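Asks:
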Amino acid sequence: MKLIGGLIRTNRLRNPQRKESVKKPAAAAYSWTIVGLLCIMPLPADAQSHRLGAGLSFASPVTYNTGETGNPGFSFHYWMPLSRSETFFLAPSFTVYNPYKLKTGYITLYNYMFQADLNLQYAFFQQGSIQLVALGGGNLTQLISDFTPVVNPDDASIEDSRDNAIGGNLGAGLELMMSPQWDLNITGKYILSAYSQFVISVQAAYHFNKRYGAYRR
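Mapped onto the numbering used here, the consecutive letters of the sequence shown carry residue numbers 9 to 225.
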């Protein structure tokens, strides 16, 4: 029994970062949530139409640390008008993706992905309750991989990993006016970075100020 206890203690000492590594994804999620809240905190100071949006994002998976990235993502969006015609917006957003999980008899692997975008959005077509937009800007993608060996931890071929990638994104979208204060938005964009992806998002957007009628032309 003493021998078995000694072996268990030895394995624990050889992996002193295990408990800390498990906390990394949760800490990252909290940090990204704070960043997102800072993006959407500005409140409307005039009669222009500021918006808040939330919804789901679906990204093409990328391979990371022998695993992939998960879906769907929970996205939050803010639009701040830059023109009186309300056709040009500064549009920051952030997305927290559902983790990818790989579990075998030998390992358990979780891959977490977080993304933040700072875009400029322009409405190039408006007709009735329909608006078409083009968007582009910067992107930050963070990947965190949490690896737990079930047996023989010293012989594991992979380990915990974290990486950040800065890039850009280009896309377009359709915005449908559903009511004086609500829109339904569908957008598609391509992220250009070390982890290039195509992302489709579906969001509900809330306008702080009521609109009476169709989009302005």
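Virtual Cβ for every residue (Gly too), placed ideally from N, Cα, C. Since the model is a prediction, treat every value here as computed from it, not as a measurement.
1. Within the chosen definition, does the region 72 to 84 reach the region 108 to 122 through at least 3 CB pairs nearer than 8 Å?
2. Could you tell me if A202 is buried or exposed, where buried requires 16 or more neighbouring beta carbons within 10 angstroms of its beta carbon?
3. Please report the straight-line C-alpha distance between G176 and M185, rounded to a whole angstrom.
4. Tell me, please, which residues DSSP counts as bridged to S65.
5. S29 by DSSP, collapsed to three states: which one?
6. Only counting runs of 3 or more residues, tell me where the beta strand (DSSP E) segments fall wholly within the region 67 to 154, in order along the chain.
7. Taking only the alpha-carbon atoms, compute the straight-line gap between G63 and I166 and give it to the nearest angstrom.
8. Quick one: is N172 buried, meaning 16 or more other Cβ sit within 10 Å of its Cβ, or exposed?
9. Quick check: the Cα distance between K31 and Y120, rounded to an integer number of angstroms?
10. Based on DSSP bridge pairs, tell me the residues matched to R170.
11. By how many angstroms is the C-alpha of F132 removed from the C-alpha of I2?
12. Between K197, R170, A213, P188, which lies nearest to Y118 when the distance is taken from Cα to Cα?
13. When the distance is taken between beta carbons, is L126 closer than 8 Å to P100?
14. Taking S153 as the reference, which of L192, F66, V70 has the closest Cα?
15. Mind checking whether K197 and L178 have CB atoms under 8 Å apart?
16. Report the partner residues of R214 according to the DSSP bridge assignment.
17. Considering Cα atoms alone, identify which of Q189, I174, Q211, A212 is closest to K218.
18. In three-state DSSP terms, what is A180?
19. Can you tell me the Cα-Cα spacing of F84 and Y130, whole angstroms?
Replies: Straight from the coordinates:
1. yes
2. exposed
3. 28 Å
4. G81, S209
5. With a pLDDT of 47 at S29, under the threshold of 50, the modelled position of this residue cannot be trusted, and the question is left open.
6. 81 to 89, 96 to 105, 108 to 111, 115 to 135
7. 34 Å
8. exposed
9. Its pLDDT being 48, under 50, K31 is placed unreliably in this model, and the value from its coordinates should be taken loosely. Cα-Cα distance, rounded: 12 Å.
10. I152
11. This structure leaves residue 2 out entirely; the chain is present only between 9 and 225.
12. R170
13. yes
14. V70
15. yes
16. According to the sequence displayed, residue 214 carries Tyr and not Arg. In DSSP, Y214 forms a bridge with L60, W190.
17. Q189
18. strand
19. 19 Å
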